[in-house]
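There are 2 protein chains.
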Amino acid sequence: MKIALDAMGGDKAPGEIVRGGILAAEEFGVEVALVGVTSAIRAEIGKFNHPAVGVSVVDAPDIIGMAESVMVALKQKPHSGIAVGLEMVKRGEASAFVSAGNTGAGMAAALMILDRLPGVLRPALAFVTPGFKGVGLLLDVGANPDCKPQNLVQFARMGSLYMEHMYKMSRPRVGLLSNGEEEEKGNRLVREAHKLLKTSGLNFVGNVEGKDLLRGLADVVVTDGFTGNVVLKLGEGVAETIFASVKQAVEGNIPALATAFIWSPPLLDVYKGYDFRKHGGVPLLGVNGHVILAHGRSDALAIKHAVRQAQMLAQGELLRALRVALASPTGENTMVSAEES
Amino acid sequence: MKIALDAMGGDKAPGEIVRGGILAAEEFGVEVALVGVTSAIRAEIGKFNHPAVGVSVVDAPDIIGMAESVMVALKQKPHSGIAVGLEMVKRGEASAFVSAGNTGAGMAAALMILDRLPGVLRPALAFVTPGFKGVGLLLDVGANPDCKPQNLVQFARMGSLYMEHMYKMSRPRVGLLSNGEEEEKGNRLVREAHKLLKTSGLNFVGNVEGKDLLRGLADVVVTDGFTGNVVLKLGEGVAETIFASVKQAVEGNIPALATAFIWSPPLLDVYKGYDFRKHGGVPLLGVNGHVILAHGRSDALAIKHAVRQAQMLAQGELLRALRVALASPTGENTMVSAEES
């Protein structure tokens, strides 16, 4: 299996990206195609202390600047790392695409090149949240700042299939993020979505609140991309705060604190789960191909995990299940579960 | 100064509410009027181990059930604790009103009985957030699940005046909660509000993200009541997770962890800040009177802090400053600062 990796995307590109790709190839036995400016990639490979096994270089000489309009740039520069990598997935030359470049650009390019799966209204970014009682999936965490009620229902279908396939859950419990547990709570969007979810055939457990994200009350939590993104970044902020506290204590020669944290697995799990270096990236669900968008600040470790995530996604049958379930306008086929498909 | 306390509101009413009122009266030298069913309040006072000094009982025999429509109940039952307490504020017999009852009911009653300050479009619930670098104010945290851009601008004005008066800040920095720092990020509401805030005369520092809430990048962060409520409750959830970790470690005879936490002031501050027992409650800004709505699960400690907060609010000049600043339809008078007023 080959994973196309955007070597030029991200704050620490190409150095850390190339390193992460090499580490993933070594550790997980996956082929990594480093897509980008060949000379720059070769220079980074040359810095590695032993021969890079399982990686190849695919030339993509165009660079898209931060200030450029994504849609214009994609048309004017057909040979950027992001375009060439996604084209590889489209032609079946790669099983998945990973990028730590601008998230908006990654989504726009994926939509343009791979297109949506038939029946999909809006793709969504899905984040695996940590918690005391196992993981949950939060989506959308940023693809759609403005949503319609039908979008949230489709996110729920996609998220349910994700948890069935990637975590072998049976009929995952779907929660709707709201400002209160009661059915009548929520903004206009949420109140409408609540009605639709009740008759969706999904295992809808009702509204969940911010605090429930850590409590495992639902396996899939749906929200609009604005709220989801605020939540995701608050989680990151909390993880960094905890990390900074530990670091400060250790540097102040108070090793007890560091030790104590290691003794506290639940807290550590939560901290790790929100640390983007550990989780790797977020899948873009609803496009016709496997796409993982990693954090812009990704280092080699984060990229390694993102490639691993792409590999696991591509090994499964999620994409096929999504295609079957979403092709029906009513979503009737959604109940094709991991076992049946 | 007399504070009217809704003795019948909250999950732990009347016992913990009465206890909290007595503790506040003793500790802060404030008069507390316990408003509710006289016999029930007197029975709770009787359980106290010494004479209750500084408290009085105001009879409010009507009980509003959880299932009742607030607006209907307020009309049919004019002698509930919430109505009688707010009437005391309206008539000037109490300087502030505190309730741990249903937040929606508290807001509706405050609007009906006290009315909005002239010029106020929508009142907002304001929460003092903890952080590494001092406190910040987040509003709205639940009064308005659906907002218009002009609402967010007015929240910014009210929040700025709050920080000027309650925390003696000069020209507080106002941030707009969004899914990205760049001006073009946000949902429709946020992009429109961004434009209005730029020309508002306020010290607007642009968009802030979820992670910035802990970083002190802004003194006042405005958002719609839906997103704000999700953030507030996620913060609560994180605080409870940390608390549970400590408890678990202590019960497992690993005192190092408990000790270590005490050695870690930044983390502890953040934890405490989101613990509703410590912060007490949230002021409802924009109504014509001082109203503090406390957490439904408030115990005596939480109520004590909420009464203290009400006392501090009533001792200041915030209400007068809000009245002056918001009376102008353009908000031109907003710049009346704490020093000038």
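Those protein sequences? They're chains A and B, same order as listed. The first sequence begins at 858 in the working numbering and counts up by one. The second sequence begins at 858 in the working numbering and counts up by one. The beta carbon of each residue, even a glycine, is placed where N, CA and C say it ideally should be. Being a predicted model, the structure only gives us computed values, none of them experimental.
Assuming residue i contacts residue j under a Cβ cut-off of 8 Å, what Cβ separation, rounded to an integer in Å, is found between them?
i, j, result
"B:E901", "B:V929", "The Cβ separation is near 29 Å, so there is no contact."
"B:D1069", "B:G1032", "7 Å"
"A:G903", "A:E883", "Actually they are not in contact, since the Cβ atoms of A:G903 and A:E883 sit about 17 Å apart, beyond 8 Å."
"A:L891", "A:G878", "5 Å"
"B:P1029", "B:V1077", "5 Å"
"B:V1087", "A:G1063", "No, B:V1087 and A:G1063 are not in contact; Cβ-Cβ is about 15 Å, not under 8 Å."
"A:A1151", "A:G1143", "Not really, about 18 Å apart at Cβ, beyond 8 Å."
"B:I939", "B:S956", "6 Å"
"A:A824", "A:G1082", "In the structure as shown, chain A begins at 858 and stops at 1198. Residue 824 of chain A is therefore absent and cannot be evaluated."
"A:V977", "A:L1183", "5 Å"
"A:L1009", "A:T1084", "With a Cβ gap of about 11 Å, A:L1009 and A:T1084 do not count as contacting."
"A:G887", "A:Q1166", "Checking the sequence shown, residue 887 of chain A turns out to be Val, not Gly. Incorrect: roughly 11 Å between the Cβ atoms, too far for contact."
"B:V1164", "B:A967", "With 8 Å as the limit, B:V1164 and B:A967 do not qualify as a contact, their Cβ atoms being about 17 Å apart."
"B:D916", "B:G1153", "Not really, about 24 Å apart at Cβ, beyond 8 Å."
"A:M1015", "A:A981", "6 Å"
"A:E1089", "A:V998", "Looking at the sequence provided, one finds Leu at residue 1089 of chain A rather than Glu. A:L1089 to A:V998, Cβ: 5 Å. Contact."
"A:I920", "A:S937", "7 Å"
Can you pull the DSSP bridge partners for residue i?
i, result
"A:K859", "A:E888"
"B:T986", "B:G993"
"A:V875", "Its beta-bridge partners do not exist; DSSP assigns none."
"B:L1089", "Its beta-bridge partners do not exist; DSSP assigns none."
"A:A981", "A:L1142"
"A:N1064", "A:L1033"
"A:A1151", "A:G1138"
"B:R973", "B:V1144"
"A:V1078", "A:L995, A:G1032"
For residue i, count the other beta carbons within 10 Å of its own beta carbon; 16 or more makes it buried, fewer makes it exposed. Which is it?
i, result
"B:P908", "exposed"
"A:K1161", "buried"
"A:D1156", "buried"
"B:G922", "exposed"
"A:M945", "buried"
"B:M1023", "buried"
"B:E1093", "buried"
"B:F984", "buried"
"B:N959", "buried"
"A:L1179", "buried"
"A:F1061", "buried"
"A:M865", "buried"
"B:N1044", "buried"
"B:P1002", "buried"
"B:F954", "buried"
"B:P1112", "Caution is warranted here: a pLDDT of 46 is assigned to B:P1112, below 50, making its placement in the model unreliable, and the coordinate value is therefore given only provisionally. Exposed, by the Cβ-count rule."
"B:E873", "buried"
"B:N1145", "buried"
"A:P1017", "As written in the sequence, residue 1017 of chain A is Ser, which differs from the Pro given in the question. Burial call: buried."
"A:A1117", "Annotation note: pLDDT 47 at A:A1117 (below 50); position unreliable, no value reported."
"B:E1021", "buried"
"A:G949", "exposed"
"B:P871", "buried"
"B:T1080", "buried"
"A:L1114", "Low local confidence applies: a pLDDT of 45 at A:L1114 is under 50, so the model's placement there is unreliable, with the coordinate-based value given in what follows. Per the 10 Å Cβ criterion, buried."
Does the distance between the C-beta of residue i and the nearest non-hydrogen atom of the ligand ZN fall short of 7 Å?
i, result
"B:A1163", "The ligand content of the structure shown is nil, which means the ligand ZN is not present either."
Which ranges does the alpha helix (DSSP H) cover as unbroken runs of at least 4 residues, wholly within the segment 888-966 of chain B, from first to last along the chain? 895-904, 927-933, 938-947
Pull out every residue of the segment 993-1006 of chain A whose Cβ sits closer than 7 Å to any Cβ of chain B, in chain order. G999, P1002, D1003
Going along the segment 1006-1032 of chain A in order, which residues come within less than 9 Å of chain B, judged by CB to CB distance? none
Return the residues of the segment 1052-1075 of chain B that lie within a Cβ-Cβ distance of less than 8 Å from chain A, sorted by chain order. E1066, G1067, K1068, D1069, L1070, L1071, R1072
As an exercise, report each continuous alpha helix (DSSP H) stretch of at least 4 residues that is fully enclosed by the segment 1004-1030 of chain B, in chain order. 1006-1023
Would you list, in chain order, the members of the segment 1030-1050 of chain B that have their beta-carbon closer than 9 Å to a beta-carbon of chain A? L1034, S1035, N1036, G1037, K1042, G1043, N1044, R1045, L1046, V1047, R1048
Quick one: which residues of the segment 1078-1089 of chain B get their C-beta closer than 9 Å to a C-beta of chain A? List them in chain order. T1080, D1081, G1082, F1083, T1084, G1085, N1086, V1087, V1088, L1089
What are the residues in the segment 960-980 of chain A lying within 8 Å of chain B by C-beta distance? none
Interface residues of the segment 869-891 of chain B facing chain A [CB-CB below 9 Å]: none
Report the residues of the segment 926-956 of chain B with a CB closer than 7 Å to any CB of chain A, ordered along the chain. none
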